[in-house]
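Line order of the protein sequences matches chains A and B.
Using our numbering, the final residue of the first sequence is 997, and nothing's skipped along the way.
Using our numbering, the final residue of the second sequence is 391, and nothing's skipped along the way.
Heads up, the beta-carbon is just placed ideally off N, CA and C, and yes, glycines get one too.
First comes the structure, then the notes that go with it.
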Amino acid sequence: MFGLIGHLTSLEHAQSVAKELGYPEYADQGLDFWCSAPPQIVDDITVTSVTGQKIWGKYVESCFLPEMLATRRIKAATRKIINAMAHAQKHGINITALGGFSSIIFENFNLNQIQQVRNVTLEFERFTTGNTHTAYIICRQVEQASAKLGIELSKAAIAVCGATGDIGSAICRWLSDRTDVADLYLIARNQERLQELQAELGRGKMMGLEEALPQADIVVWVASMPKGVEIDPLVLKQPCLLIDGGYPKNLATQIQCSGVHVLNGGIVEHSLDIDWKIMRIVNMDVPARQLFACFAESMLLEFENWYTNFSWGRNRITVEKMDQIGQVSVKHGFRPLLV
Amino acid sequence: MPQLEASVAINFHSEAYRDAYSRINAIVIEGEHEANENYIRLAELLPERKEQLLGLAKMERRHQKGFEACGRNLSVTPDSEFARQFFSRLHQNFQDAAAQGKIATCQLIQALVIECFAIAAYNIYIPVADDFARKITEGVVKDEYTHLNFGEEWLKENYEASKAELEAANRQNLPIVWQMLNQVEDDAHVLGMDKDALVEDFMIQYGEALSHIGFSNRDVMRLSAMGLAAA
Numbered sequence: 659m660f661g662l663i664g665h666l667t668s669l670e671h672a673q674s675v676a677k678e679l680g681y682p683e684y685a686d687q688g689l690d691f692w693c694s695a696p697p698q699i700v701d702d703i704t705v706t707s708v709t710g711q712k713i714w715g716k717y718v719e720s721c722f723l724p725e726m727l728a729t730r731r732i733k734a735a736t737r738k739i740i741n742a743m744a745h746a747q748k749h750g751i752n753i754t755a756l757g758g759f760s761s762i763i764f765e766n767f768n769l770n771q772i773q774q775v776r777n778v779t780l781e782f783e784r785f786t787t788g789n790t791h792t793a794y795i796i797c798r799q800v801e802q803a804s805a806k807l808g809i810e811l812s813k814a815a816i817a818v819c820g821a822t823g824d825i826g827s828a829i830c831r832w833l834s835d836r837t838d839v840a841d842l843y844l845i846a847r848n849q850e851r852l853q854e855l856q857a858e859l860g861r862g863k864m865m866g867l868e869e870a871l872p873q874a875d876i877v878v879w880v881a882s883m884p885k886g887v888e889i890d891p892l893v894l895k896q897p898c899l900l901i902d903g904g905y906p907k908n909l910a911t912q913i914q915c916s917g918v919h920v921l922n923g924g925i926v927e928h929s930l931d932i933d934w935k936i937m938r939i940v941n942m943d944v945p946a947r948q949l950f951a952c953f954a955e956s957m958l959l960e961f962e963n964w965y966t967n968f969s970w971g972r973n974r975i976t977v978e979k980m981d982q983i984g985q986v987s988v989k990h991g992f993r994p995l996l997v
Numbered sequence: 161m162p163q164l165e166a167s168v169a170i171n172f173h174s175e176a177y178r179d180a181y182s183r184i185n186a187i188v189i190e191g192e193h194e195a196n197e198n199y200i201r202l203a204e205l206l207p208e209r210k211e212q213l214l215g216l217a218k219m220e221r222r223h224q225k226g227f228e229a230c231g232r233n234l235s236v237t238p239d240s241e242f243a244r245q246f247f248s249r250l251h252q253n254f255q256d257a258a259a260q261g262k263i264a265t266c267q268l269i270q271a272l273v274i275e276c277f278a279i280a281a282y283n284i285y286i287p288v289a290d291d292f293a294r295k296i297t298e299g300v301v302k303d304e305y306t307h308l309n310f311g312e313e314w315l316k317e318n319y320e321a322s323k324a325e326l327e328a329a330n331r332q333n334l335p336i337v338w339q340m341l342n343q344v345e346d347d348a349h350v351l352g353m354d355k356d357a358l359v360e361d362f363m364i365q366y367g368e369a370l371s372h373i374g375f376s377n378r379d380v381m382r383l384s385a386m387g388l389a390a391a
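Given below as structure tokens:
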């Protein structure tokens, strides 16, 4: 059995979902209540591969909300993730993806130091960040969507915003290794990590966001922040492909300008309908078929019986691992979302 | 991404700490004392489980002694009067239920509500306790899972017959728990324990117990949050 640990995008969203699902005790409650709320399994999922194989899974709502980070309720935020993981493990789930902010919080606050949760010893090999599959899907989106829009990678500059993160660095490795992209612009806040990445790649220009945006043919946004960043579409090249792989998605709703093509990054489409309720709640365009690639990673690991934390730790994603997950992604009928 | 603030070292011998400890320690001692009496009373109501229940009662007596030693270790005199008042409503509800032979209600109050509350509080306390109290509490919390399990198993066996009574007992007693928690929020904070963590751990433990007994996921969410918003 596979699992997905997810959360809602805001307090307002959480309240409306609680109401819609018929949990009046949870609807209309403020942030304090959500800071005390325990994890819940709110969906049972059946996925069928194009090979005919069927797997079953559960969706664990962690009750984390991004407002907990914005208001510095850090202890509550970290508790949500650890408790959701303990909940998944207690319910016998073999492999669980840490969706949305879950993996970011886990990494950022070194939650691997907290292995004992009450009477549960967390087995980290039962969890995956899903970042390898997310990075792979975003790279395929870059390759396929740029071809569709007539942007030739051999003449194009790609700006990766959040380049030193786990997903961002993996994307840079792939683009550098597997494509003939003309220029790579590396954007991140931590200059030391940027230098390390540049040294590892042996290429790429370290740049500020404002400098990079007007020169980029493709912008890959993989920085995750509690609040989105506004981009002025007028500074962008035309045509420009903007792949929003951040969480929560925020660029698509802000940028409406002909010549600027915004694509939800890190989203896959399955070839067959998935039996679940939860993607409707997170406002996917085609809820029965579209999902976050990180969630799909736990499904792939379940299909293949690879009960291991396939994506774990920071900046360990190799292009070989991306190939490996990419092959089974195709095999079971997942494909990257395109414009 | 915001950073986690470094936790401030606790001075276990400061006046503020010892003042707060005098109430929290008293509550724990009183809680174990009442648990001992409650299991003895349950043994009278369930003669076929008498031996097991008297065994549980004995463990609670041992816990009480352990926590008394924790107070002495910090030269704190527990505020017993405060603690008796603190438990008075749950105590009365248990006595009333026992007098009416409502065993499911007694089990819910002692084996579920009080034990889950104790497990949540002890688990949150352990990382911030002084060395002496940590060792004692670690031993106690292991036992409390056994007590919770006893109640769960009995209620599971008697689920169909007790369901309505459990719903009523939950409605009657859970709001009291939230009020009790509010009453000691400040003292718990001085000891390094946050109220939202206590509530969350209680809801996890209590929810798991209800689910084990036979309640559906939806029922668990409704029952375990009952009265929380109003408290």
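Residue i at chain A interface by Cβ criterion, 8 Å
i, result
"B/Ile-364", "yes"
"B/Leu-275", "Sequence check: residue 275 of chain B is Glu here, not Leu. False, the Cβ-Cβ gap to chain A never drops below 8 Å."
"B/Gly-311", "no"
"B/Asp-356", "yes"
"B/Asn-342", "no"
"B/Tyr-305", "yes"
"B/Gly-367", "yes"
"B/Arg-294", "no"
"B/Ala-389", "yes"
"B/Val-337", "no"
"B/Val-359", "yes"
"B/Arg-331", "no"
CB of residue i within 8 Å of CB of residue j, strictly
i, j, result
"A/Ala-874", "A/Ala-815", "yes"
"B/Cys-276", "B/Phe-362", "yes"
"A/Phe-950", "A/Ile-925", "yes"
"B/Ile-184", "B/Leu-351", "yes"
"A/Gly-820", "A/Leu-842", "no"
"A/Met-659", "A/Lys-712", "no"
"A/Asn-973", "A/Asp-824", "yes"
"B/Glu-304", "B/Ile-286", "no"
"A/Ser-956", "A/Thr-786", "yes"
"A/Thr-754", "A/Ile-663", "yes"
"B/Leu-205", "B/Ile-263", "yes"
"B/Ile-200", "B/Ala-217", "yes"
"A/Val-839", "A/Gly-826", "no"
Cβ neighbours of residue i in the same chain (closer than 6 Å, five flanking residues each side left out)
i, result
"A/Gly-917", "Gln-896, Pro-897"
"A/Gln-698", "Glu-719"
"A/Lys-979", "Thr-790"
"A/Asp-701", "Tyr-717, Trp-934, Lys-935, Ile-936"
"B/Gly-231", "Asn-185, Pro-238"
"B/Ala-293", "Cys-230"
"A/Thr-709", "none"
"B/Glu-192", "Glu-220, His-223, Gln-224"
Cβ of residue i within 8 Å of any chain B Cβ
i, result
"A/Glu-725", "no"
"A/Asp-690", "yes"
"A/Ser-694", "yes"
"A/Ile-939", "no"
"A/Ile-936", "no"
"A/Ile-753", "no"
"A/Glu-850", "no"
"A/Gln-982", "no"
"A/Ile-925", "no"
Neighbourhood of residue i by C-beta distance below 7 Å, restricted to the same chain and skipping five residues each side
i, result
"B/Phe-172", "Leu-234, Asp-290"
"A/Asn-666", "Reading off the sequence shown, one finds Leu at residue 666 of chain A, where the question assumed Asn. Counting only Cβ-Cβ distances below 7 Å, and skipping sequence neighbours, we find Ala-672, Val-675, Leu-723."
"A/Ser-707", "Phe-961, His-990, Gly-991"
"A/Ala-870", "Ala-817, Tyr-843, Ile-845"
Extent of the continuous beta strand (DSSP E) run through residue i
i, result
"A/Ile-925", "925 to 928"
"A/Leu-769", "First-last for A/Leu-769: undefined, no H or E at that position."
Limits of the unbroken alpha helix (DSSP H) element including residue i
i, result
"A/Asn-766", "760 to 766"
"A/Trp-970", "Per DSSP, A/Trp-970 belongs to no alpha helix (DSSP H) and is neither H nor E."
"A/Tyr-843", "First-last for A/Tyr-843: 841 to 845, but that is the beta strand (DSSP E), not the alpha helix (DSSP H)."
"A/Gln-633", "No answer is possible for residue 633 of chain A: the residues shown for chain A start at 659 and end at 997."
"B/Cys-359", "The question names Cys, yet the displayed sequence has Val at residue 359 of chain B. Its alpha helix (DSSP H) spans residues 355 to 373."
"B/Pro-335", "319 to 343"
"B/Arg-183", "175 to 205"
8 Å Cβ shell around residue i - same chain, five flanking residues per side excluded
i, result
"A/Val-944", "Glu-927"
| field | Interface positions of the segment 277 to 289 of chain B facing chain A (Cβ-Cβ less than 7 Å), listed along the chain | value | Asn-283
| Near-chain A residues of the segment 171 to 201 of chain B (beta-carbon distance less than 9 Å), N- to C-terminal order | none
| request: Give, in chain order, every residue of the segment 717 to 743 of chain A whose Cβ lies closer than 7 Å to some Cβ of chain B. | output: Leu-727, Arg-730, Ile-732, Lys-733, Ala-734, Arg-737, Asn-741
| field | Contact residues within the segment 763 to 781 of chain A, judged by C-beta distance below 8 Å to chain B | value | Asn-766, Phe-767, Arg-776, Asn-777
| message | Please identify, using Cβ separations under 7 Å, the residues of the segment 666 to 680 of chain A that lie next to chain B, in order along the chain. | response | none
| said: Give me the subset of the segment 830 to 854 of chain A whose CB atoms are less than 8 Å from a CB atom of chain B, sorted by chain position. | reply: none
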